[in-house]
Amino acid sequence: MKKIFLLITALLLLGCNKQQKDKVEKGFVINGKATNFKEGTLLYLDDPDTQARIDSVTIINGEFQFKGKLNKPKRLFLTTKFDPQNQDTHKYTSFWVDNGVINFEGDYNDFRFPKVSGLKLHDINRELSKLTQPINRRMDSLSKLYNDDNENNRRVSSEVQKAMRINDSITMRFVKENPNNYVSLSSTLYLTDNLSKEELRAIYNALDQDLKETDEGKAIKQYMNIDKILEKGDQLADLQGETLSGEVKSLAAIVKQHKYTILDFWAAGCGPCRMQSKQYTDLHETYQEKGLAIVSFSLDKNKEHWKKASEEDSISWINISDLKGMDGIAPMTYGIRGIPNSFLINQEGQIVSEFNGFNPNEAPFQNELEEFFEKETE
């Protein structure tokens, strides 16, 4: 009897492995409908994880199709071409893709919120989207209110932060009630700093073993071993990375050698990060000789993308990465949920200020640095 049971178990495992192998070999097919788009509009399918362009297709008679293969489920970006002179025409969205047949319906006037179906992932994500979409629409509306008025922008940012907290609360509740799936796993990794270690451990323990073995599952396990997420007033946690030439740099060592150090988390595919790099160029030139260091820590996973962006932006300060993206220990320790995100650290290793986001009118920490260095000359 025992031998029969073992034989059946082995056959079931072989069957599951074959199904997974067949699934990967067959790949994915995205059958898309795009209403109210101009005939011949180009659509780009991008992987934000690797910042690689998977493919591009043309909309013909309101339809398009992508084919490809993935090793695991991913949220991919679907965008039109970006025109800096006419930014309103730039359409983008993100949606879950796994190997299988996927149906996509998107309208030009509401492309951020398409209808996607075909896989179990989409059924789960649809339930979450029903809860979060009103908040996401609210944040989209708020983002259009930014202008050249700093006071207005502070008010808008405050409202955006409130909306984000509501969105996070809704998502956390959904994850706790529906823990054992890839959508919730990905959401959990995004919300790690909002969850207690006990809550995180309960969600992790509810995962099937195959989900625990994913990059996201391993990252959550790693995160559970972090003592504290750093914030203003805390002592820095050292991090190390390699420069593009392969030289290992330590944040703690750099901080000891300079009066102030800016730690900047960025990535090649992040437009606001790239614009902020130009601001840092001026800041670096102004205060380098007075004792300012800038450490840009790239959250890229693709070295060539990181290198290309660094060269295009003429980054002349310390520029390092571990090429682990958001799955590395550095962004987890510093509670990075979005980029650009920067920290100002004094020579004693204390985080004296944090700046999250991008202000087109002012470089991060510009006022603080002016004040700090002016006091030294008095």
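Using our numbering, the first residue of the sequence shown is number 30, and each one after it goes up by one.
Just so you know, even glycine gets a beta-carbon here, dropped at the ideal spot from N, CA and C.
Computed from a predicted structure; not experimentally measured.
Considering residue 82, what are the terminal residues of the beta strand (DSSP E) in which it resides?
-> What you label residue 82 is simply residue 53 of the sequence shown in a count that begins at 1. Counting along the chain, the beta strand (DSSP E) containing residue 82 begins and ends at 81 to 87.
With respect to the alpha helix (DSSP H) encompassing residue 211, which residues constitute its N-terminal and C-terminal limits?
-> Against the sequence shown, residue 211 aligns to sequence position 182. For residue 211, the enclosing alpha helix (DSSP H) has its first and last residue at 211 to 219.
Output the distance between the C-alpha atoms of residue 415 and residue 140, rounded to the nearest integer angstrom.
-> In the structure as shown, the chain begins at 30 and stops at 407. Residue 415 is therefore absent and cannot be evaluated.
Nearest residue (CA-CA) to residue 99, options 83, 181, 348 and 222 = Numbered from 1 along the sequence shown, position 70 holds the residue referred to as residue 99. Relative to residue 99, the option among 83, 181, 348 and 222 whose CA is nearest is 83.
Nearest-angstrom Cα distance between residue 145 and residue 74?
-> For the purposes of this step, residue 145 is taken as the residue at position 116 of the sequence shown. For the purposes of this step, residue 74 is taken as the residue at position 45 of the sequence shown. About 15 Å.
Neighbourhood of residue 279 by C-beta, 7 Å cutoff - its chain only, sequence neighbours within 5 removed | Taking the sequence shown and counting its residues from 1, the one referred to as residue 279 is at position 250. By the criterion of a C-beta distance shorter than 7 Å, residue 279 is surrounded in its chain by 267 and 269, once the five residues flanking it on both sides are discounted.
Out of 288, 285 and 368, point me to the one whose CA is closest to residue 325's CA.
-> In the sequence shown, residue 325 corresponds to position 296, counting from 1. Comparing alpha-carbon positions, the option among 288, 285 and 368 lying closest to residue 325 turns out to be 368.
C-alpha gap between residue 242 and residue 251, whole angstroms | Walking along the sequence shown from the start, residue 242 turns up at place 213. Walking along the sequence shown from the start, residue 251 turns up at place 222. One C-alpha to the other measures close to 12 Å.
When you compare only the Cα positions, how much space is there between residue 312 and residue 392?
-> Along the sequence shown, read from residue 1 onward, the residue named residue 312 stands at position 283. Along the sequence shown, read from residue 1 onward, the residue named residue 392 stands at position 363. If you take the alpha carbons of residue 312 and residue 392, they lie about 8 Å apart.
From which residue to which residue does the alpha helix (DSSP H) around residue 203 run?
-> Counted from its first residue, the sequence shown places residue 203 at position 174. Unbroken alpha helix (DSSP H) run through residue 203: 179 to 206.
Inter-residue Cα distance where the pair is residue 295 and residue 302 | As a first step, residue 295 must be located in the sequence shown, where it is residue number 266. As a first step, residue 302 must be located in the sequence shown, where it is residue number 273. Straight-line Cα distance between these residues: approximately 6 Å.
Is DSSP giving residue 167 helix, strand or coil here?
-> To locate residue 167, count along the sequence shown from 1; it is residue 138. It is helical.
Let me know if residue 226 comes out buried or exposed under the rule of 16 or more other beta-carbons within 10 Å of its beta-carbon.
-> Here residue 226 corresponds to residue number 197 of the sequence shown, with the count starting at 1. Sixteen is the threshold: since fewer than 16 other Cβ atoms of the shown chains lie within 10 Å of the Cβ of residue 226, the residue is exposed.
Counting only runs of 4+ residues fully inside the stretch 337 to 400, write out the alpha helix (DSSP H) ranges in chain order.
-> Here the runs fully enclosed are 358 to 362.
According to DSSP, is residue 293 helix, strand or coil?
-> Indexing the sequence shown from 1 puts residue 293 at position 264. DSSP places residue 293 in strand when its eight states are reduced to three.
Run through DSSP, which three-state label would residue 403 get?
-> The residue you call residue 403 lines up with position 374 of the sequence shown. Helix.
Given residue 104, which residues of its chain have a CB within under 8 Å of its CB, disregarding the five upstream and five downstream residues?
-> On the sequence shown, residue 104 is found 75 positions in, with the first residue counted as 1. Spatial neighbours of residue 104 in its own chain (CB-CB distance under 8 Å, excluding positions within 5 residues in sequence) are listed in chain order as 77, 123, 124, 125, 126 and 215.
Could you give the DSSP three-state label for residue 150: helix, strand or coil?
-> The residue you call residue 150 lines up with position 121 of the sequence shown. In this structure, residue 150 counts as helix in the three-state DSSP scheme.
Helix, strand or coil: how does DSSP classify residue 246 here?
-> Stepping through the sequence shown from its first residue, residue 246 is reached at position 217. Helix.
Close-in-space but distant-in-sequence residues of the same chain around residue 277 (CB under 7 Å, 5 per side omitted) | Taking the first residue of the sequence shown as position 1, residue 277 is located at position 248. By the criterion of a C-beta distance shorter than 7 Å, residue 277 is surrounded in its chain by 269 and 271, once the five residues flanking it on both sides are discounted.
At what residues does the beta strand (DSSP E) containing residue 104 begin and finish?
-> Position 75 of the sequence shown, counted from the start, is the residue given in the question as residue 104. DSSP places residue 104 inside the beta strand (DSSP E), whose first and last residues are 103 to 108.
By DSSP, does residue 122 sit in helix, in strand, or in coil?
-> To locate residue 122, count along the sequence shown from 1; it is residue 93. Residue 122 falls in the strand class under three-state DSSP.
Can you tell me whether residue 80 is buried or exposed, with buried defined as 16 or more other CB within 10 angstroms of its CB?
-> Counting from 1 along the sequence shown, the entry for residue 80 is found at position 51. Residue burial annotation: residue 80 is buried, with at least 16 other C-beta atoms found within 10 angstroms of its C-beta.
So the beta strand (DSSP E) residue 322 belongs to, where does it begin and stop?
-> The residue given as residue 322 occupies position 293 in the sequence shown. Per DSSP, residue 322 belongs to the beta strand (DSSP E) from 321 to 327.
Under 6 Å Cβ to Cβ from residue 293, same chain only, skipping five residues before and after it: list those, please.
-> Residue numbering aside, residue 293 sits at position 264 when the sequence shown is read from its first letter. Once the five neighbours on either side are set aside, the close Cβ partners of residue 293 are 325 and 371.
What are the complete alpha helix (DSSP H) segments, minimum 4 residues, inside the stretch 227 to 284?
-> Contiguous alpha helix (DSSP H) elements confined to the stretch 227 to 284 occur at 238 to 241 and 244 to 253, taking only those with 4 or more residues.
Mind checking which residues open and close the beta strand (DSSP E) that includes residue 70?
-> Locating residue 70 in the sequence shown gives position 41, where the first residue counts as 1. Counting along the chain, residue 70 falls outside any beta strand (DSSP E), and DSSP gives it neither H nor E.
Who are the near neighbours of residue 346 in its chain, counting only those whose CB is closer than 6 Å to its CB and skipping five residues on each side?
-> As a position in the sequence shown, residue 346 is number 317, starting the count at 1. Hits under 6 Å: 313 and 323.
Tell me whether the beta-carbon of residue 356 lies closer than 8 Å to the beta-carbon of residue 244.
-> In the sequence shown, residue 356 corresponds to position 327, counting from 1. In the sequence shown, residue 244 corresponds to position 215, counting from 1. A contact, by the Cβ cut-off of 8 Å.
Assigned exposure category for residue 114 - 16 Cβ within 10 Å defines buried = On the sequence shown, residue 114 is found 85 positions in, with the first residue counted as 1. With a 10 Å radius around the Cβ and a threshold of 16 neighbouring Cβ atoms, residue 114 comes out exposed.
Nearest to residue 119 (by Cα), restricted to the options 197, 388 and 72 | Against the sequence shown, residue 119 aligns to sequence position 90. A check of alpha carbon separations from residue 119 across 197, 388 and 72 identifies 72 as the nearest.
With distances taken between CB atoms, is the gap from residue 258 to residue 233 smaller than 8 Å?
-> As a working note, residue 258 is residue 229 in the sequence shown. As a working note, residue 233 is residue 204 in the sequence shown. Annotated as distal: residue 258 and residue 233, with beta-carbon spacing of 8 Å or more.
For residue 387, collect the residues of the same chain with a Cβ closer than 7 Å to its Cβ; drop the 5 residues on either side in sequence, then sort them by chain order.
-> Within the sequence shown, the letter at position 358 stands for residue 387. Counting only Cβ-Cβ distances below 7 Å, and skipping sequence neighbours, we find 301, 304, 305 and 369.
Helix or strand or just coil, what does DSSP make of residue 55?
-> On the sequence shown, position 26 is the one that residue 55 refers to. Residue 55 sits in a helix when the DSSP states are folded into three classes.
Do we get a CB-CB distance below 8 Å when we pair residue 300 with the residues of chain D?
-> Although the question refers to chain D, the structure presented lacks it and comprises just one protein chain.
Are there three or more Cβ pairs, one per stretch, closer than 8 Å when the stretch 199 to 219 is compared with the stretch 176 to 183?
-> Counting Cβ pairs under 8 Å, fewer than three are found: no touch.
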